[in-house]
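Structure, as structure tokens:
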Amino acid sequence: MLLNRDDWYETSRDLDWTFSYVDPNEVFPASWSGAGDVPADAWQDWEEPFRVSYRDYVRIQREKEGGVKAVGNALSRAGVFEKLDPAHLASAHLHLGGTCMVEQMAITMQSRFCRFAPTPKWRNLGVFGMLDETRHAQLDLRFAHELLKVDPRFDWTLKAFHTNEWGIRAVKAFFDDIMLNADCVEAALAVSLTVEHGFTNMQFVALAADAMAAGDINWSNLLSSIQTDEARHAQQGFPTLAVLMEHDPERAQQAIDVAFWRSTRLFQTLTGPAMDYYTPLEQRKMSFKEFMLEWIVNHHERILEDYGLKKPWYWDDFLRSLETAHHSMHLGMWWYRPTLFFKPNAGVSPAEREWLREKYPTWERDFGYIWDQIIANVQAGDVPATLPETLPVLCNVTHLPIGGACAPHELAEHKSEYKGKVYRFDSHISKWCFDVDPERYADHPTVVDRFLAGDIQPMDLPGALAWMGITPDVMGDDVYDYAWAREYVNA
Amino acid sequence: MTIIELESDAALDVDHVGPVIRAGRLAECVIDAVAADNPDRDVVVVDRDDYVRIHTRGRCRLTRESLERALGEAFQLEALEIEMPSFKGRLRTRTDEFLWYLTTSDGEA
């Protein structure tokens, strides 16, 4: 009689031995394991919620891969890509440029789990996580490579992280920190729990639903297939959290509160505009705010509470930011469109504006008058007046533009002095992130810090664009060539 | 026990737990299996066209036996993952049963 997996599972994964001639602390240095003050035997309680055996893993991943390839082949024959709305394409450009190399970085993080995690059960799961992330980076590259012949912006899937484009530098600053430079425990709390169990659902499940409605079946299918891996390996975070809640709950709370805010700001930049402005109006399933309430507030946060974590101390400000922060970010990104490697949709035609008013009751008051001025300038034939001449101040924690992180008209200065230098932040929350661990952020200059230091020459917008690697073939512009603004002339 | 299909903009109960399955035949069968495996609870279904939330309050069981009956063929629960981009709640996976749960819910059994 064959044993079923439950019978042999525990034996197969407990591949550990007692070191006789090497100090265990040298084999698993705390600087990599992150075990800190947690007693060594506490890790025996680490139990993975989602069991995986190598035989099942190979069989299941093979089937997933077959599904993604079959859909891709069928759609490329049908010429579906050529029929997509150009506004939607910005979501795919932004996604692939902003995340493909994060998947690649995640391979390194998972391989660190394989080698240095403080329990063999976790090291075992790290193997699968490493293979998952390899799959994701390769899937993105294959998907993008097939589209290169019709759209050079897909080259940024591979290229973006090798440039100094400001948004990409913000993504890189976050993941350099929590994936490449974090010990196993911190990476589990910041990446597995906060990003993979929480925020990636916004992009890989919720935005995938928008993309499916927009007819981009291939990309939608790719996203949700990737998230089936993420949902499994994100579970490495929970037993780690359980051990920390027992032995060092303050550390868990702080690491998660920092990662939650930094993720919020990043996804307000990545997913917010994609959902509320780039997805064609008729295909929007729900607003960014509604998806955040579903996936982050209802789905994610409730499980953390079940482990005894408190909501982040800035919870009320986080909820307030859902009303406006991504609208501020979108306005800024559209305004600074020459600094993007994709074409953003302004997304404020009369019909789109009505949708925004319905979903966000204060939108018109907060943003309408700014767009009205832009519309007036376009109608007067003065497009140059809608383009930037200088650069915005960037936050020294998030590397994103300062202005409107919690509400559009709350522009009080947030700054800290550390070792004789002044650092500036987009909010009191980012300032708190800095103040509790300044070494982590100090001396990582933003694009604007470099500009002011004279690293970028000539010191003007063309000089900055050249430094960021923005070339004419990918430089951002209004995707509909301002047709939406002319609709107001006839209204 | 009832299967309740929520309007897409209806507020979700924070204590609901269970799988999120990509739309299709498997999702329909998981709904039937969850209904059979949780006779004391309402099954709440939220269909967002591309993905379907299939939840019960506090504790949600899914057995291989019920899912195979709904599908009409053999199925290994591990393969649920292929169509499951997310799930809500703590999880415990065994060969014959997946269990999603909360330890601090009044719906916990």
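So the protein lines, in turn, are chains A and B.
Per UniProt numbering, the first sequence starts with residue 1, numbered consecutively.
Per UniProt numbering, the second sequence starts with residue 1, numbered consecutively.
Virtual Cβ for every residue (Gly too), placed ideally from N, Cα, C.
A quick note: this is a predicted structure, and the numbers were derived from the prediction, not measured.
| field | Cutoff 9 Å: Met-212(A) Cβ touching any chain B Cβ | value | Closer than 9 Å: yes.
| Option nearest Tyr-488(A) by Cα separation, candidates Trp-355(A), Ala-137(A), Ile-375(A) | That would be Ile-375(A), whose Cα lies nearest to the Cα of Tyr-488(A).
| CA-CA distance, Pro-239(A) and Tyr-21(A)? | Straight-line Cα distance between these residues: approximately 30 Å.
| request: Could you tell me whether any Cβ in chain A is nearer than 9 Å to the Cβ of Ser-105(B)? | output: With respect to chain A, the C-beta atom of Ser-105(B) has a partner C-beta closer than 9 Å.
| request: Compare the C-beta of Ser-86(B) against all C-beta atoms of chain A and say whether one is closer than 9 Å. | output: Closer than 9 Å to some Cβ of chain A, the Cβ of Ser-86(B) qualifies, so yes.
| Residues from the stretch 48-61 of chain B in contact with chain A, defined by Cβ distance under 7 Å | If the cut-off is 7 Å between Cβ atoms, the stretch 48-61 of chain B has Arg-48, Asp-49, Asp-50, Tyr-51 near chain A.
| Which residues does DSSP pair with Ser-416(A) in a beta bridge? | According to DSSP, which records beta bridges pairwise, Ser-416(A) is partnered with Tyr-423(A).
| query | Should Leu-222(A) be labelled buried (16 or more other beta-carbon atoms within 10 Å of its own) or exposed? | reply | Here Leu-222(A) is buried, its C-beta having at least 16 other C-beta atoms within 10 Å.
| task | Measure from the C-beta of Glu-83(B) to each C-beta in chain A and report whether the shortest distance is under 9 Å. | result | Yes, Glu-83(B) lies at the interface with chain A (some Cβ there is under 9 Å from its Cβ).
| Own chain partners of Ala-109(B) with C-beta closer than 8 Å, once the 5 adjacent residues on each side are dropped | In this prediction, Ala-109(B) has a pLDDT of 48, which is less than 50 and means its spatial position is unreliable; nothing more can be read from the coordinates.
| Where the stretch 205-230 of chain A meets chain B: residues whose CB sits under 9 Å from a CB there | Flagged, chain order: Val-205, Ala-206, Ala-208, Ala-209, Asp-210, Ala-211, Met-212, Ala-213, Ser-220, Asn-221, Leu-223, Ser-224, Ser-225, Ile-226, Gln-227, Thr-228, Asp-229, Glu-230.
| task | Just the C-alpha distance for Arg-48(B) and Ile-54(B), rounded to the nearest angstrom, thanks. | result | Roughly 11 Å between the two C-alpha positions.
| message | With a threshold of 9 Å between beta-carbons, can Ala-36(B) be considered close to chain A, or not? | response | Interface with chain A (9 Å Cβ-Cβ cutoff): Ala-36(B) is excluded.
| query | Where Tyr-360(A) and Ala-234(A) are concerned, what is the direct C-alpha to C-alpha distance, given to the nearest angstrom? | reply | Cα to Cα, Tyr-360(A) sits roughly 32 Å from Ala-234(A).
| query | From Asp-37(A) to Trp-315(A), what distance separates their C-alpha atoms? | reply | For Asp-37(A) and Trp-315(A), the distance between alpha carbons rounds to 29 Å.
| request: Determine the closest residue to Leu-67(B) out of Trp-100(B), Val-52(B), Leu-26(B), Gly-18(B), with distance taken between C-alpha atoms. | output: Taking only the C-alpha atoms, the option nearest Leu-67(B) is Leu-26(B).
| Using CA coordinates, which residue listed in Lys-285(A), Asp-382(A), Asn-396(A) is at the minimum distance from Lys-421(A)? | Proximity to Lys-421(A) across Lys-285(A), Asp-382(A), Asn-396(A) peaks at Asn-396(A), based on C-alpha coordinates.
| Partners in chain A for residue 129(B), counting only beta-carbon separations shorter than 9 Å | With chain B covering 1 to 109 only, the question about residue 129(B) has no answer from this structure.
| In terms of DSSP beta bridges, what is Arg-18(B) paired with? | Contrary to the premise, residue 18(B) reads as Gly rather than Arg in this sequence. Gly-18(B) pairs with Lys-88(B).
| Inter-residue Cα distance where the pair is Tyr-101(B) and Gly-18(B) | In a straight line, the C-alpha of Tyr-101(B) is about 8 Å away from that of Gly-18(B).
| field | Asp-56(A): contacting residues in chain B (beta-carbon distance under 7 Å) | value | The contacting residues are Glu-78.
| task | Hey, could you find the ends of the beta strand (DSSP E) residue 554(A) is sitting in? | result | Outside the displayed span of chain A (1 to 491) sits residue 554(A), for which this structure offers no information.
| field | Reduced DSSP secondary structure (H/G/I, E/B, other) of Ala-491(A) | value | Note on Ala-491(A): pLDDT 49, under 50, position unreliable in the model; the coordinate value appears next. Here Ala-491(A) sits in coil by DSSP.
| said: Quick check: the stretch 48-65 of chain A against the stretch 117-133 of chain A, are at least 3 beta-carbon pairs closer than 8 Å? | reply: Three or more Cβ pairs drawn from the stretch 117-133 of chain A and the stretch 48-65 of chain A lie within less than 8 Å of each other, which places the two stretches in contact.
| task | Would you decide whether Val-436(A) is buried or exposed? Buried here means 16 or more other CB atoms lie within 10 Å of its CB. | result | When all chains shown are included, Val-436(A) counts as exposed.
| said: If the criterion is Cβ atoms closer than 9 Å, does the pair Val-474(A) and Asp-155(A) meet it? | reply: Against a cut-off of 9 Å, the Cβ pair of Asp-155(A) and Val-474(A) comes out as a contact.
| request: Return the CA-CA distance between Ile-296(A) and Ala-106(A), expressed in angstroms with no decimal places. | output: Near 22 Å, if we compare the C-alpha coordinates of Ala-106(A) and Ile-296(A).
| message | Just to confirm before moving on: does the CB-CB distance between Leu-293(A) and Leu-322(A) stay below 9 Å? | response | Yes, Cβ-Cβ distance for Leu-293(A) and Leu-322(A) is below 9 Å.
| From Met-275(A), Asp-426(A), Leu-266(A), Gly-97(A), pick the residue whose C-alpha is nearest to that of Gly-403(A); which is it? | Considering only alpha carbons, the answer is Asp-426(A).
| query | Asp-316(A) lies in the alpha helix (DSSP H); which residues open and close that run? | reply | Element bounds for Asp-316(A): 315-335.
| request: Note down, in chain order, all residues in the stretch 87-98 of chain B with a beta-carbon under 7 Å from any beta-carbon belonging to chain A. | output: Going along the stretch 87-98 of chain B in chain order, one finds Phe-87, Lys-88, Gly-89, Arg-90, Leu-91, Arg-92, Thr-93, Arg-94, Thr-95 with a Cβ nearer than 7 Å to chain A.
| CB of Gln-283(A) within 9 Å of CB of Ala-213(A), strictly | Yes. Within cutoff.
| Based on Cα-Cα distance, which residue from Thr-104(B), Leu-91(B), Arg-69(B), Tyr-51(B) lies nearest to Met-202(A)? | Of all alpha-carbon atoms in Thr-104(B), Leu-91(B), Arg-69(B), Tyr-51(B), the one lying nearest the alpha-carbon of Met-202(A) is that of Tyr-51(B).
| field | CA-to-CA distance, Leu-281(A) to residue 110(B), given in whole angstroms | value | Not covered by the structure: residue 110(B). The range shown for chain B is 1 to 109.
| Along chain A, which residues have their Cβ under 7 Å away from the Cβ of Arg-22(B)? | Simply Ser-224.
| Which residues of chain A have a Cβ atom closer than 7 Å to the Cβ of Val-14(B), listed in chain order? | In chain order: Asn-298, Arg-302.
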